[in-house]
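Note that our numbering has the sequence shown beginning at 15, numbered continuously upward. Remarks on the structure that follows.
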Amino acid sequence: MRERPTGPSPALLAVAAAAVLSIGWGAWLQLRPRATSGSPGGEVAAGGGDGAAAEGAPVDAVAGDASAPGGGTEPTPAKLPPVGVRGSGTWDHDAPTDARPASRASVCPDCDVVVVTVCSLRRDHTGPYAEASLTPSLDTLTKGAFRMDQAWSASNFTLASLTAVLTGRFGSSTGVTGWDKGLVADIPTMPEVLGYYGYRTGGFTTDAPSGFRPDYGLDRGFQHMEIIVPPRDNPDGRAQGGDPGPGGAAAKPASAWISAQPKDKPIFVMFHTRTAHYPFVLEDDPSDPTGVTHLLFASDKLSAGTGPRAMPGAAGGTQQRGVVSFFTRDPVQQGVREAGAAGTAMWRKRYAEGVHRLDRDFAVLAEGLKARGRLDKTILIVLADHGESIDDHKELLHGDAYYDGVTHIPMLVRIPGLKGGPQSSLVSQVDVLPTVLEAVGAVPPAGIDGASMLPLFQGTTDTIRSTTLVEGGVVWHDDKVARGAVISPPWALLRQDPGCDGGDRRTPGQPATCLYNLVDDPKQVKNQALAKPEVVADLQGRWDKFRAAHAQDAAQLQLDPAYIEELQKNGYDFRPQPAKAAP
15 MRERPTGPSP
25 ALLAVAAAAV
35 LSIGWGAWLQ
45 LRPRATSGSP
55 GGEVAAGGGD
65 GAAAEGAPVD
75 AVAGDASAPG
85 GGTEPTPAKL
95 PPVGVRGSGT
105 WDHDAPTDAR
115 PASRASVCPD
125 CDVVVVTVCS
135 LRRDHTGPYA
145 EASLTPSLDT
155 LTKGAFRMDQ
165 AWSASNFTLA
175 SLTAVLTGRF
185 GSSTGVTGWD
195 KGLVADIPTM
205 PEVLGYYGYR
215 TGGFTTDAPS
225 GFRPDYGLDR
235 GFQHMEIIVP
245 PRDNPDGRAQ
255 GGDPGPGGAA
265 AKPASAWISA
275 QPKDKPIFVM
285 FHTRTAHYPF
295 VLEDDPSDPT
305 GVTHLLFASD
315 KLSAGTGPRA
325 MPGAAGGTQQ
335 RGVVSFFTRD
345 PVQQGVREAG
355 AAGTAMWRKR
365 YAEGVHRLDR
375 DFAVLAEGLK
385 ARGRLDKTIL
395 IVLADHGESI
405 DDHKELLHGD
415 AYYDGVTHIP
425 MLVRIPGLKG
435 GPQSSLVSQV
445 DVLPTVLEAV
455 GAVPPAGIDG
465 ASMLPLFQGT
475 TDTIRSTTLV
485 EGGVVWHDDK
495 VARGAVISPP
505 WALLRQDPGC
515 DGGDRRTPGQ
525 PATCLYNLVD
535 DPKQVKNQAL
545 AKPEVVADLQ
555 GRWDKFRAAH
565 AQDAAQLQLD
575 PAYIEELQKN
585 GYDFRPQPAK
595 AAP
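What follows is the structure, given as C-alpha cells:
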C-alpha cells in the first residue's frame with residue numbers, strides 16, 4: 015500500500031482555523047497516513063483548490079470561505095495503476111494522533127453518525143414515501159426521521175453521487191463526472207474531517223462497480239474500509255450457486271464493526287448497499303412466460319448476433335440517440351421490448367422484489383446499532399445514490415437520462431432530539447456533509463457547495479437553496495459539453511443525449527434541451543424548452559457560471575479492460591472514447 019500524501023489542504027486548514035482549536039498541526043500528518051494492512055489500492059494525486067461561488071451561481075448557501083480563489087488549480091499528475099476488476103479487501107489506516115473533541119454546544123455532541131447509501135432506490139418503493147411498504151425494517155429504523163420530499167441526487171450514477179455525499183461538492187467542483195475520474199487528494203471528505211474530531215471511521219460495501227473503493231480516492235478518511243466479495247443473497251453474487259440464505263449478508267461487516275467499537279469515542283459509518291441493483295434477481299425462473307427473468311439472471315453472459323458482447327441495460331436501456339453507435343442490439347433490452355407490456359411488468363416486479371430483499375440489510379444493520387446501545391445518540395441518514403427508471407420515459411435502468419425517477423431520490427434524516435416529519439424544501443446530496451458536521455459540532459471545510467439542513471429542521475428558515483445540480487453520467491462524453499440537470503422549482507432543465515419526452519430541442523452535436531414544469535407536469539411529458547426560452551437561458555446561465563467558477567480537474571484514471579467489461583455487464587456503457595460506427 016503506498017503512503018498517503020502529507021500536508022494539509024487549504025480547505026481543511028480552514029476547518030481548524032474556524033474551530034479555533036489549539037491543535038498541534040503535526041497531527042495533520044497522521045490524517046492521511048500509511049495503510050497498516052489490506053489489499054493494495056491506488057492513491058489519487060494531490061492538487062486542486064477551493065472555488066468560490068460566482069454571482070448568480072446556483073448554490074444559494076455556499077458554506078465556508080467565499081473569498082477563496084475560484085477555478086482551482088490543476089491536480090498534480092500521478093502515474094496510477096489501472097482500476098482493476100476486483101476491488102475486495104480490507105484497509106486499515108491510523109487515526110489522527112492529536113484529535114480534539116467537537117463543540118459541546120452543538121445539536122448532537124458526541125453522537126455517532128451512520129450514513130446508508132442505497133444503490134438504485136426509487137422513492138415510491140420505500141415505506142416513508144409509499145402507501146404500501148416494501149421496506150418494514152427501514153421504516154422502523156428511520157421512525158421519527160425528517161422525510162425530505164424534494165431531495166435530488168448530484169448525479170445519475172453511483173461514483174459521482176457518492177463523491178458528492180462524501181465531499182459536499184457537485185461534480186463540477188470535484189471533476190468526478192465519469193467512471194474514469196477520481197477524487198484529487200486535497201478535497202477533504204466527511205470521514206477525514208470527523209476523524210480529526212476524534213471519530214472512529216469505517217466504510218463498508220460489496221465488490222461491484224460503485225466507485226466506493228480506494229482506486230477512486232473514496233477511501234480517504236476511513237480508518238477501516240471493508241469491501242467484501244458479493245454474497246450469494248445479492249444479485250452481484252447470483253452465480254455462486256447454493257442457498258441464498260435469509261438475506262442481509264452485505265450489511266454484516268458494517269453491523270459487526272459497529273457493535274465491536276468501544277463506546278469511549280463516537281463513530282462514523284458509511285454503508286453502501288447494492289442489494290437492489292440490476293440485475294435484481296438471485297435465481298432463474300424458467301416458468302416466467304416473458305423470459306425477462308432469464309434475461310436478467312443471465313445478463314452478464316448474453317450476446318446478440320456476432321461482434322462484441324452487447325451491454326446489458328445499455329446505460330439505462332434507452333436507444334442511446336446521438337451518443338454512440340452500437341455494433342449489436344442489447345439482448346436484455348430487446349427481450350423486454352419484444353415481451354411488450356407483460357415484459358415491462360415483469361421487469362418492474364423483479365425490481366420491487368429486489369427492494370424488498372434489500373430491507374434485510376437494514377434489519378441486520380439495526381442489530382449492530384442495538385448491540386452498541388447508542389441509538390439515542392446516533393444520527394442516521396438513509397438516501398439513494400440515484401433511483402431507477404424501470405421503463406419511465408423508455409429508460410429501463412439509469413445513467414443516461416436525468417428524469418425524476420432517477421434523480422429525485424429518497425432521503426431520510428434522523429437526529430436525536432429533533433422531531434422529524436415531512437420537509438418540502440429543496441435539498442441535495444451535497445447538503446449531507448455540512449448537516450452532519452454542524453450537528454456534531456464540527457466545522458465544514460471551506461469552499462463546499464452544500465448547506466446545512468439543520469435550519470430547516472429547527473424551523474429557523476424555510477429554504478436553504480433555490481437551485482441544485484445533477485451532473486455527469488456513465489456514457490462517455492466530451493467534458494466540454496455538460497450533461498446533467500438544473501433543478502430550480504418549479505422548473506427542471508435537462509441536458510441529455512436520449513432526447514426529450516414531449517419533443518426535442520437539439521443542436522447538432524449537442525445534448526437535447528428539455529424543460530419541464532414539475533408542478534404542472536410531474537411526469538415530465540411536456541417539453542417547454544421552445545415555449546420558455548428565457549427560463550432555459552436563465553437556468554443554463556446559472557449552471558455555466560457555476561462551472562466556470564468552480565471547475566476542478568479530477569484525477570484521470572486508467573481502467574483495466576476487464577473492469578470496463580464489468581461496468582458494461584452492470585448496464586453501464588462506459589467506453590474510453592466514442593465508438594466508431596460499424597462499416
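For glycine and all other residues, C-beta sits at the position ideal for the given N, C-alpha and C.
- request: Please say whether SER442 and GLY3 have beta carbons closer to each other than 8 Å?
  value: Only positions 15 to 597 of the chain appear in this structure, which leaves residue 3 out of reach.
query: The alpha helix (DSSP H) with GLY349 in it runs from where to where?
result: According to the DSSP assignment, GLY349 belongs to the alpha helix (DSSP H) that extends over 345-352.
- prompt: Which residues does DSSP pair with LYS195 in a beta bridge?
  reply: GLN570
- prompt: What does a CB cutoff of less than 8 Å around ASP574 pick up in its chain, not counting 5 residues either side in sequence?
  reply: PRO96, VAL97, GLY98, VAL99
Minimum C-alpha distance to PRO200 - residue among VAL179, TYR211, GLY231: According to the sequence shown, residue 200 is Asp rather than Pro. Checked all of VAL179, TYR211, GLY231; the closest Cα to ASP200 is GLY231.
- prompt: Leaving out the 5 sequence neighbours to the left and right, which residues in its chain are closer than 8 Å to GLY158 when beta-carbon positions are compared?
  reply: ARG428, LYS433, GLY434
task: Using only alpha-carbon positions, find the residue among ALA265, VAL179, VAL121, VAL198 that is nearest to ALA568.
output: VAL198
field: Bridge partners - ASP204, DSSP secondary structure assignment
entry: Residue 204 is actually Met in this sequence, not Asp. Looking at the DSSP assignment, MET204 forms no beta bridge with any residue, so it has no partner.
message: Using CA atoms only, rank isn't needed, just tell me which of ASP511, ALA551, THR177, GLY455 is closest to SER117.
response: GLY455
message: Starting from ALA398, trace the beta strand (DSSP E) in both directions and tell me its first and last residue.
response: 392-398
- prompt: DSSP beta-bridge partners for ALA526?
  reply: GLN510
- prompt: Between the Cα of ALA268 and the Cα atoms of SER186, THR287, ARG362, which residue gives the shortest distance?
  reply: Measuring from the Cα of ALA268, the nearest candidate turns out to be THR287.
message: Could you tell me the alpha carbon to alpha carbon distance between GLY141 and ASP153, rounded to whole angstroms?
response: Cα-Cα distance, rounded: 6 Å.
- prompt: Is it right to say LEU309 is buried, meaning 16 or more other beta carbons lie within 10 angstroms of its own, or is it exposed?
  reply: buried
message: By the three-class DSSP mapping on this structure, what secondary structure does ARG374 have?
response: helix
task: Classify THR149 as buried or exposed, calling it buried when 16 or more other Cβ atoms lie within 10 Å of its own Cβ.
output: buried
- prompt: Does the segment 242-252 touch the segment 288-305, meaning 3 or more C-beta pairs lie closer than 8 Å?
  reply: yes
message: I believe LEU372 touches THR481 by the beta-carbon criterion, under 8 Å. Please report the beta-carbon distance rounded to the nearest angstrom.
response: In fact, because the Cβ distance is near 31 Å, the residues do not count as touching under 8 Å.
As assigned by DSSP and simplified to three states, the class of HIS291: coil
task: Tell me where the alpha helix (DSSP H) around ASP547 begins and ends.
output: The residue asked about is misnamed: residue 547 is Pro in this sequence, not Asp. Its alpha helix (DSSP H) spans residues 547-564.
message: For VAL500, count the other beta carbons within 10 Å of its own beta carbon; 16 or more makes it buried, fewer makes it exposed. Which is it?
response: buried
field: CA-to-CA distance, LEU180 to THR188, given in whole angstroms
entry: 11 Å
query: What is the DSSP secondary structure of ALA253, reduced to helix, strand or coil?
result: Reduced to three states, the DSSP call for ALA253 is helix.
query: Is DSSP giving SER480 helix, strand or coil here?
result: Note: SER480 maps to coil in three-state DSSP.
- request: Report back the beta-carbon spacing between PRO424 and LEU383 to the nearest angstrom; my notes put them in contact at under 8 Å.
  value: At roughly 20 Å, the Cβ-Cβ gap does not stay under 8 Å, so PRO424 and LEU383 are not in contact.
field: Nearest-angstrom Cα separation, counted from PRO244 out to PRO258
entry: 12 Å
- request: Compare the C-alpha of ASP664 against each of ASP299, PRO345, ARG214 and name the closest.
  value: Outside the displayed range of the chain (15 to 597) lies residue 664, so it cannot be described from this structure.
Cutoff 7 Å; reference ASP163; Cβ partners in own chain excluding five residues on either side: PRO436, GLN437, SER438
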